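Below is one structure; the comments refer to it alone.
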Amino acid sequence: MNIAVFCGAVFGGSLAAGFIGSLTGLGGGVVIVPLLTVGFGVNMRYAIGASLVSVIATSSGAAAAYVREGFSNVRVGMTLEMATSAGAIAGAALAARVPTSALAILLGAVLLFSAVVRVHKEQGEEEKPGGGHGLLGGTYPGPHGPIAYESKRAPLGFGIMGIAGLLSGMLGIGSGAIKVLGMDLAMGLPFKVSTTTSNFMIGVTAAASAGIYLHRGYIAPGLAMPVTLGVVAGSFAGARLLAGAKVQTLRTLFRLVIVALGVEMIYSGWKGQV
Amino acid sequence: MPGGQKPSGQKMEEQMGLLLRTGVVLACAIMLAGAVLYLVRHGGEQESYSTFRGEPAALESIKGILGEVRAGDARGIIQLSVLVLIATPVMRVVFAIFGFARQKQWIFSLVSVTVLALLSYGLFVRG
């Protein structure tokens, strides 16, 4: 394929992934690596590098909006970033020593996990207001003024974030689903706070390993460019359309796509084809 | 906007949002410029990402990338936009160190310093 056609096709695929990912709340970053390796025959290491760059861009872009609206808890985010960055550095160091077939199987498992875990608020679910807020608690804007909440089990949350960072550094993904799980389920933070704070943290987590990837030559400009521009444009369009969109069917469909890609990654990894 | 209990904290969050947005917009603008140049100059060549060879040394370090940008190389310009993207969350952490200090939340200032130290390790120490 010549470069112009290749860039156009990769841009189109990334645009679709970013658009559907942001519209469904499932995130597009997780499908970029399988899209590149399975769809375009790109080497796994280049795919991981390009995916990581796009993750920094979309996370920072979305975090900019959430943090201004007051949903993200900057103190919780910053505290947990100690765990995610340390994990990401370890993950990036590990990624070079692990064969790509093993990385593919691990990514497949993460894809399957992302498809089943709850990363969006179910219909009719009410946020339970917490008591006073301690060091890591806070308030977020509710329909009738600020709602206070507190956080619990910080050490457990910290441990889960270390794993999220490790996977992010190894696989070039944001690990948003695992971060949300850590804050929502383990630390008991309100759902909206968990998702937006997760987004806030993804940029720093990815930046921690991006330097290592850059030094190793994993970040190919001709690949990172169409992926990043595509995912950013797609996510932006998806977020614009999000208000009032009925996404339940789309979300189910996208989950099925993620499951299929997960199975494909595990199969190719097992066969040593990646 | 809600009536926050910590107006200084809220101001910090707004400035932080602005910082993040500026970084992403700047990076995407540079990337777009590099993309046009890249497609015009190399659009007709064959892509080759199926086997991993690593990128040329000039595109792997800050110094090398800046040299390529000065030479007007399209790939170098795209790598510069990647550097701006990586720098964006790093600047956000630097900003938080001072933001928390201004609010006298020393613990979180220290937490931010720790995160910055980890980021610097990832960026400058070769593993």
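The listed protein sequences derive, respectively, from chains A and B.
For the first sequence, the numbering used here gives the first residue as 1, with consecutive numbering after it.
For the second sequence, the numbering used here gives the first residue as 1001, with consecutive numbering after it.
Just so you know, even glycine gets a beta-carbon here, dropped at the ideal spot from N, CA and C.
Just so we're clear, the structure is a prediction, and the values are computed from it rather than from any experiment.
So the candidates are the options; which of them puts its Cα closest to the Cα of residue i?
i: G61(A); options: L1018(B), S1109(B) and M1031(B); result: L1018(B)
i: P190(A); options: T79(A), G165(A), Y140(A) and G272(A); result: Y140(A)
i: V257(A); options: G12(A), M1(A), V10(A) and I20(A); result: I20(A)
i: S151(A); options: T252(A), F11(A), G137(A) and A16(A); result: G137(A)
i: S175(A); options: P155(A), K192(A), T197(A) and A154(A); result: T197(A)
i: Y149(A); options: F158(A), M183(A) and M161(A); result: M183(A)
i: R1021(B); options: G1076(B), V1115(B) and R1092(B); result: R1092(B)
i: G18(A); options: F158(A), P99(A) and G234(A); result: G234(A)
i: V977(B); options: G188(A), A92(A) and V259(A); result: Residue 977(B) is absent from the structure shown; chain B starts at 1001 and stops at 1127.
i: R1053(B); options: R255(A), W270(A), R240(A) and Y218(A); result: Y218(A)
What residues from chain A crowd round residue i, counting only those whose CB sits closer than 8 angstroms?
i: M1031(B); result: M225, T228 and L229
i: R1075(B); result: P221 and G222
Just the chain A side, please: which residues come within less than 7 angstroms of residue i by C-beta, in chain order?
i: V1026(B); result: It is worth fixing the name first, because residue 1026(B) is Leu in this sequence and not Val. Here the premise fails: no neighbours, minimum Cβ distance about 11 angstroms.
i: F1052(B); result: N43, R45 and Y46
In chain B, what lies closer than 7 angstroms to residue i by C-beta?
i: E81(A); result: V1115
i: A210(A); result: I1086
i: G217(A); result: G1054, E1055 and E1060
i: V53(A); result: V1082 and L1085
I want to verify the contact list: residues of chain B whose CB lies under 8 angstroms from the CB of residue i, in sequence order.
i: P34(A); result: The contacting residues do not exist; P34(A) stays about 15 angstroms from chain B at best.
i: F6(A); result: E1047
i: S85(A); result: V1115, L1118, L1119 and G1122
i: M1(A); result: Q1046 and E1047
Would you say residue i and residue j are within 8 angstroms of each other, going by their C-beta atoms?
i: I56(A); j: G1122(B); result: no
i: A279(A); j: G169(A); result: Here chain A has residues from 1 to 274 only, and residue 279(A) is not among them.
i: L1118(B); j: M82(A); result: yes
i: L220(A); j: E1068(B); result: Checking the sequence shown, residue 220(A) turns out to be Ala, not Leu. Their beta carbons are not under 8 angstroms apart, which means A220(A) does not touch E1068(B) by this criterion.
i: N2(A); j: G1044(B); result: yes
i: L107(A); j: L171(A); result: yes
i: V274(A); j: A104(A); result: yes
i: G12(A); j: G230(A); result: yes
i: S209(A); j: I89(A); result: yes
i: V1133(B); j: L1116(B); result: Past the edges of chain B, shown from 1001 to 1127, lies residue 1133(B), and the structure says nothing about it.
i: A1096(B); j: S1112(B); result: yes
Listing by chain order, which chain A residues have their CB less than 9 angstroms from the CB of residue i?
i: A1058(B); result: Simply none; closest approach about 11 angstroms.
i: G1034(B); result: P221 and M225
Is it the case that the stretch 4-13 of chain A contacts the stretch 207-226 of chain A, given that we only count it when at least three CB pairs across the two stretches are under 8 angstroms? yes
### Query
Taking only runs of the beta strand (DSSP E) that begin and end inside the stretch 72-154 of chain A, which ones reach a length of at least 3 residues, in chain order?
138-142 and 145-149
Notebook entry, point to check: Between the stretch 67-82 of chain A and the stretch 1095-1110 of chain B, are three or more C-beta pairs nearer than 8 angstroms?
Noted result: yes
(request) Please determine if the stretch 1027-1034 of chain B and the stretch 24-42 of chain A are in contact, where contact requires at least 3 C-beta pairs separated by less than 8 angstroms. (result) no
Item to complete: Determine contact between the stretch 189-204 of chain A and the stretch 1085-1092 of chain B, defined as no fewer than three beta-carbon pairs at a distance below 8 angstroms.
Response: Output reads yes: the stretch 1085-1092 of chain B touches the stretch 189-204 of chain A.
Given 8 angstroms, three or more beta-carbon pairs between the stretch 257-271 of chain A and the stretch 45-53 of chain A
no
Margin query: Runs of 4 residues minimum, wholly inside the stretch 212-248 of chain A: which ones carry the alpha helix (DSSP H) assignment?
Written below: 221-241
Problem - Uninterrupted beta strand (DSSP E) stretches inside the stretch 1034-1085 of chain B (no shorter than 3 residues) - result: none
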